[in-house]
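Read the structure below first, then the notes.
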Amino acid sequence: FFLLMFSATQTESIASSARGSSRARRTRKKNRCFRVVQAQSEEEKAPLSSLNSAIELRSKLQEVALVAQNSPQNNWIDIFGDQTAYVYEPKSKSTTWGFVHFLGGAVLGQFPQVCYDQFLSSVSEETGVTVICTPFELGTKHGTMAKRCRSAFEKARGVVQERNGLDGENVPIFYVGHSLGAKLHAVANFEEEEGNNSNSKNSNSTQHFLVAFNNASATDSVKILEKFAKELLNKREGGGDAASSQFEAIFDRLVPFAEVAAKAAGLEFAPNAIETLDGVANGKFKSDKVTLLSFTNDELDQCSSLREALADGGVRTNTVEIPGDHLSPVLLDLDKYAKMNPMMNRLSGVRIGDGEAVQKIASEMVKFLKS
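In our numbering, the protein residues as written are 197 to 567.
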């Protein structure tokens, strides 16, 4: 599971893929290529002896998603019943005027209707847009993942438009992504342009709001999981001793294993980091408006590299920086779901995220939508 989840390109393979172009072009690529985050320790770590802990982690998030789906307070609709698209339609407006396609970050992007609920629902209620999340499982073929998510979004959008009697060509689309989700939106955009001809251009207004863009290798991606683990253990409310003990046992073995697996696999994401930035820089990325949102305390953010590539491709961007870190868009209240289902009492007291930080991000997105 984690060999697939975290396998990626090594620094040497990224460097070699840039050979053969001019020295000036190589310099430009190097300048905007992502900064490799070094491992915190070079000490040899023992790999996970069993995949049971990894499977258990994923199953816990699946349990939370199922409890949320069956809760009377749930406002997300699994529109096809197969977990490929979740739709949030604002209760405050009778008819939507725009669609948001949201893609979350690594791991959390599999359960966006839970992990990003407060962020997305507050934006929807304040502005009247309909939000469509398309969950994805991690893998090495980012191009394929991006196309599947885009296809699921278009299918769901068609259903909502028909149900509400909307003229699909006149309804704007806003592509919103966090971390890896921001990369997938970029990849979907320029790969879609590559496949288009003059008779198949999308007539909808399309805009991008990309949060904490991340274009990292597998080893760097593990750091996101490690940060998530620490947040999960440290930002819990009272009564969470049992849950803390359980999750600590999982993560103590999970993170070292994932780092070892990522380094050992030696595989590349497709497209890799340089190919992604080149696709953007070569004029293939099309958008009517782009805003890049970064956080002041985020060592995993690579928006500066994306901004330079967009500028090379003739795309103007608006950049915003606010207080926070890489996981600021996420608010995961496991305690709430534990109270809904007695079977999940072991998760009692576990909560990550900062509601005020999420609202600040939502406010920035509301400004983007209304501008």
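Even glycine gets a Cβ: it sits at the ideal position worked out from N, Cα and C.
| Query | Result |
| --- | --- |
| Look at the alpha carbon of Ser-375 and the alpha carbon of Gln-269, and state the distance between them as a whole number of angstroms. | 28 Å |
| Taking 7 Å as the limit between beta carbons, can you name the residues of its chain near His-381, skipping five residues before and five after? | Leu-299, Tyr-371, Gly-373, His-404 and Leu-406 |
| Closest to Ala-264 by C-alpha separation, out of Ala-378, Lys-535 and Asp-278, would be which residue? | Lys-535 |
| Among the candidates Phe-564, Gln-555, Lys-563 and Val-296, whose CA atom is the shortest distance from the CA of Ser-318? | Gln-555 |
| So for Tyr-371, helix, strand or coil by DSSP? | strand |
| Where in the region 291–373 do unbroken runs of the beta strand (DSSP E), each at least 3 residues long, occur, reported from the N-terminal end onward? | 295–299 and 326–329 |
| Have a look at Ala-507 and Arg-346 and give me their C-alpha separation to the nearest angstrom. | 24 Å |
| Starting from Ile-518 and walking both ways along the beta strand (DSSP E), at which residues does that stretch end? | 514–518 |
| Ends of the beta strand (DSSP E) at Ala-488? | Note that residue 488 corresponds to Leu in the displayed sequence, not to Ala. First-last of the beta strand (DSSP E) with Leu-488: 485–491. |
| Helix or strand or just coil, what does DSSP make of Phe-564? | helix |
| Return the first residue and the last residue of the alpha helix (DSSP H) that Leu-406 is part of. | Where Leu-406 is concerned, there is no enclosing alpha helix (DSSP H), although the beta strand (DSSP E) it sits in stretches over 402–407. |
| Quick one: residues in its chain with C-beta nearer than 8 Å to the C-beta of Trp-272, no 5 flanking neighbours on either side, listed in chain order? | Ala-264, Gln-265, Tyr-282, Val-283, Tyr-284, Gln-309, Asp-313 and Cys-329 |
| Considering only C-alpha positions, which residue in the set Ser-524, Glu-322, Gly-324 and Glu-471 is nearest to Ser-413? | Glu-471 |
| Give me the Cβ distance between Cys-311 and Val-526, rounded to the nearest whole Å; I'm assuming they're in contact under 8 Å. | 5 Å |
| I'd like the span of the beta strand (DSSP E) that includes Val-526, first residue to last. | Element bounds for Val-526: n/a, residue is neither H nor E. |
| Nearest chain C C-beta to Glu-471 closer than 7 Å, yes or no? | Included in the structure is just one protein chain, with no chain C present. |
| Where does the unbroken beta strand (DSSP E) through Val-476 begin, and where does it stop? | No beta strand (DSSP E) contains Val-476, which DSSP labels as neither H nor E. |
| Should Leu-528 and Ile-557 be called a contact, given that it needs their Cβ atoms to be closer than 7 Å? | no |
| What residues in its chain sit with their C-beta under 6 Å from that of Ser-217, if we drop five residues either side in the sequence? | Below a pLDDT of 50, predicted positions are generally treated as unreliable, and Ser-217, at 41, falls in that range; the measurement from the model is reported next regardless. There are no such residues. |
| Can you tell me whether Pro-519 is buried or exposed, with buried defined as 16 or more other CB within 10 angstroms of its CB? | exposed |
| Looking at Asn-514: is its Cβ nearer than 7 Å to the Cβ of Thr-492? | no |
| If you run the structure through DSSP and keep just helix, strand and coil, what is Asp-508? | helix |
| Secondary structure at Asp-274, three-state DSSP: helix, strand or coil? | strand |
| Does the distance from the CB of Val-476 to the CB of Gly-510 come in under 7 Å? | no |
| With distances taken from CA atoms, which of Gln-258, Glu-321, Val-303 and Gly-305 is nearest Leu-565? | Glu-321 |
| Taking C-alpha atoms, which residue in Ala-384, Phe-409, Leu-262 and Ser-288 lies nearest to Gly-324? | Ser-288 |
| Is the beta carbon of Phe-349 less than 7 Å from the beta carbon of Gly-305? | no |
| Considering only the beta carbon of each residue, do His-338 and Val-367 sit closer than 7 Å? | no |
| Going by the DSSP bridge assignment, what does Tyr-282 pair with across the sheet? | Asp-274 and Cys-329 |
| Hey, Glu-464 and Thr-291 are a contact pair by Cβ (cut 8 Å); roughly how many whole angstroms apart? | About 45 Å; that fails the 8 Å criterion. |
| Identify, in the order they occur along the chain, each residue of the same chain with its Cβ nearer than 7 Å to the Cβ of Asp-274, setting aside the five sequence neighbours on each side. | Gln-265 and Tyr-282 |
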